[in-house]
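Enquirer:
There are 2 protein chains.
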Amino acid sequence: MTLETPSPAPSRFLRIQEVASELGLTTRSIRYYEELGLLSPAARSDGSYRLYDASDIERLGFIKGLRDDAGFSLAEISQLLEDEAARVRTREAYAQTVDAVERRALVAGSLSRVERQSRILRDKIARLEAMVSAVEARRGRLEARLADLDAGGPGEVR
Amino acid sequence: MTLETPSPAPSRFLRIQEVASELGLTTRSIRYYEELGLLSPAARSDGSYRLYDASDIERLGFIKGLRDDAGFSLAEISQLLEDEAARVRTREAYAQTVDAVERRALVAGSLSRVERQSRILRDKIARLEAMVSAVEARRGRLEARLADLDAGGPGEVR
DNA sequence: GTACACCTTGACGTATACGTAAACGTTAGG
DNA sequence: CCTAACGTTTACGTATACGTCAAGGTGTAC
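Chains B and D, in that order, are what the protein sequence lines are.
Read in order, the letters of the first sequence are residues 1 to 158 in our numbering.
Read in order, the letters of the second sequence are residues 159 to 316 in our numbering.
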């Protein structure tokens, strides 16, 4: 009979292995990203267990996407993301009645980073589309060649 | 006064440094790709200098694109490309009067690989577009938030 | 309160993708 | 034929991104 793993405390926080499973990462990677300053858990338990909230998980998922799908290095990713220090400041300070000017500055900063992220991803998509075009052109030539061969083949090698 | 580099022999072949400059690679990378079986030069000089033709350069450019733009590992790239042995066979054998059945098989093989390349690149584009959507959604929320603040800010932190 | 799964912080190991230097051969102009 | 720029192979070095222990603390069910 299998032992139940001590149930994860019905909290809004997840522990590192739960986060890792949900996102398809390893705990080592998550700790490494923290080491690089890419993200820090929203909280720690009394015994200093890392505790992640929904925003952490979203951020980690984005990091994974940038790494796996977009193929960015972790250095590039850290350039692309808001630095974690700023994020912590925002998370902790924004809710307080900071003065309106500073609130605006925080949001505007996030917005400009998000716009940069969008541009960079779109640029990458454009480059990939150019590659697809090249591949499709080659495909067209090969299909023509195949048709020729089936029709009783003429022609030289390309 | 600068010495002229010994002019590259008015041949249809390029030497490794010329190829590297043209594509923005290093000679080390090119040799490394050869070591991994990703490509081999069309010819060697008497003194065993590597000599690349247009098809080699196209292939190398594609490899660079797959690495830089698509972010694939060299292992993935070698899975994606026709293996170099087959390419050499094609280059050398196709022009000869191989029998029609084999010619057809060679072209059909290339075609199916090219189709796979196209699918994989399109998949990657789709994943990137999903990321862009997520980023744009976040951008929309931030813009709304900024408008709120400018209108005299209500609301909680997201 | 004890067991067992889970966590912590080091710290060393490893695969990938090259960089870099050594020792030596090649090519082409003068 | 000599020389400067370029190439060759071999081999060791390095940055990145983790994997994998080790030694010890934590959290919850029983």
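Glycine residues also receive a C-beta, built at the ideal position from the N, C-alpha and C atoms.
Span of the alpha helix (DSSP H) holding L74 of chain B?
Expert: L74 to L80
Enquirer: Taking the Cβ atom as the reference point for each residue, do L66 of chain B and I77 of chain B lie within a distance shorter than 8 Å?
Expert: Judged by their CB atoms, L66 of chain B and I77 of chain B are nearer to each other than the 8 Å cut-off.
Enquirer: Beta-carbon separation of L60 of chain B and I120 of chain B under 8 Å?
Expert: no
Enquirer: Any chance you could list the beta strand (DSSP E) runs of at least 3 consecutive residues sitting entirely within the segment 20–64 of chain B, in chain order?
Expert: The DSSP assignment places 50–52 as complete runs of the beta strand (DSSP E) inside the segment 20–64 of chain B, in order along the chain (cut-off: 3 residues).
Enquirer: Output yes if chain B places a C-beta closer than 8 Å to the C-beta of G313 of chain D; else output no.
Expert: Confidence in G313 of chain D is poor, its pLDDT being 48 and thus under 50, which makes the residue's placement unreliable; the coordinate value appears in the next sentence. No, G313 of chain D does not count as interfacial toward chain B.
Enquirer: So what does DSSP say about R173 of chain D, is it helix, strand or coil?
Expert: strand
Enquirer: Check distances from the C-beta atoms of the segment 99–118 of chain B to those of chain D and list, in chain order, the residues that come in under 8 Å.
Expert: Along the segment 99–118 of chain B, the positions whose C-beta sits under 8 Å from a C-beta of chain D are A100, R103, R104, V107, A108, S110, L111, V114, E115, Q117 and S118, read in chain order.
Enquirer: Measuring CB to CB, does Y52 of chain B end up less than 8 Å from P41 of chain B?
Expert: yes
Enquirer: Looking at C-beta atoms only, is the number of pairs between the segment 300–309 of chain D and the segment 101–115 of chain B that lie closer than 8 Å three or more?
Expert: yes
Enquirer: With L286 of chain D and L232 of chain D assumed to form a contact (beta carbons below 8 Å), what rounded beta-carbon distance in angstroms separates them?
Expert: Going by Cβ atoms, the distance from L286 of chain D to L232 of chain D rounds to 21 Å, so no, they are not a contact pair.
Enquirer: Shorter than 8 Å from the beta carbon of A200 of chain D to some beta carbon of chain B?
Expert: no
Enquirer: Quick one, which residues of the segment 71–86 of chain B are near chain D if we go by CB-CB under 8 Å, in chain order?
Expert: G71 and F72
Enquirer: Ordered along the chain, which non-local residues of its own chain (more than five positions away) have a Cβ less than 6 Å from that of E240 of chain D?
Expert: Correct list, in chain order: R271.
Enquirer: Which value, in whole angstroms, describes the spacing of the CA atoms of V246 of chain D and E193 of chain D?
Expert: 15 Å
Enquirer: Use the C-beta contact count for R170 of chain D: other C-beta atoms within 10 angstroms, 16 or more gives buried, fewer gives exposed.
Expert: exposed
Enquirer: Check the C-beta distance from A70 of chain B over to G229 of chain D and give it rounded, since I have them as a contact under 8 Å.
Expert: 6 Å
Enquirer: Measure the Cβ-Cβ separation of R297 of chain D and S118 of chain B and say whether it is below 8 Å.
Expert: yes
Enquirer: Cβ closer than 8 Å: which chain D residues qualify as neighbours of L146 of chain B?
Expert: R262, V265, A266 and L269
Enquirer: Using 8 Å as the limit for Cβ to Cβ distance, is K222 of chain D near chain B?
Expert: no
Enquirer: Does E287 of chain D come within less than 8 Å of chain B when only Cβ atoms are used?
Expert: yes
Enquirer: Can you name, in chain order, every residue of its own chain whose Cβ lies under 8 Å from the Cβ of R173 of chain D, other than the five neighbours on each side?
Expert: P166, Y207, R208, L209 and Y210
Enquirer: K282 of chain D to A288 of chain D, Cα distance in whole Å?
Expert: 10 Å
Enquirer: What in chain B is Cβ-close to I283 of chain D, meaning under 8 Å?
Expert: I125, L128, E129 and V132
Enquirer: Taking A258 of chain D as the reference, which of B:D99, B:R122 and B:D150 has the closest Cα?
Expert: Checked all of B:D99, B:R122 and B:D150; the closest Cα to A258 of chain D is B:D150.
Enquirer: Which same chain residues, not among the five before or five after S45 of chain B, have their C-beta less than 7 Å away from its C-beta?
Expert: So the qualifying residues of the chain are L51.
Enquirer: Residues in the same chain with beta-carbon distance under 8 Å from E180 of chain D, minus the five sequence neighbours each way, listed in chain order, please.
Expert: Around E180 of chain D: L172 and I215.
Enquirer: With distances taken Cα to Cα, identify the nearest neighbour of R280 of chain D among B:V132, B:A126 and B:R122.
Expert: B:V132
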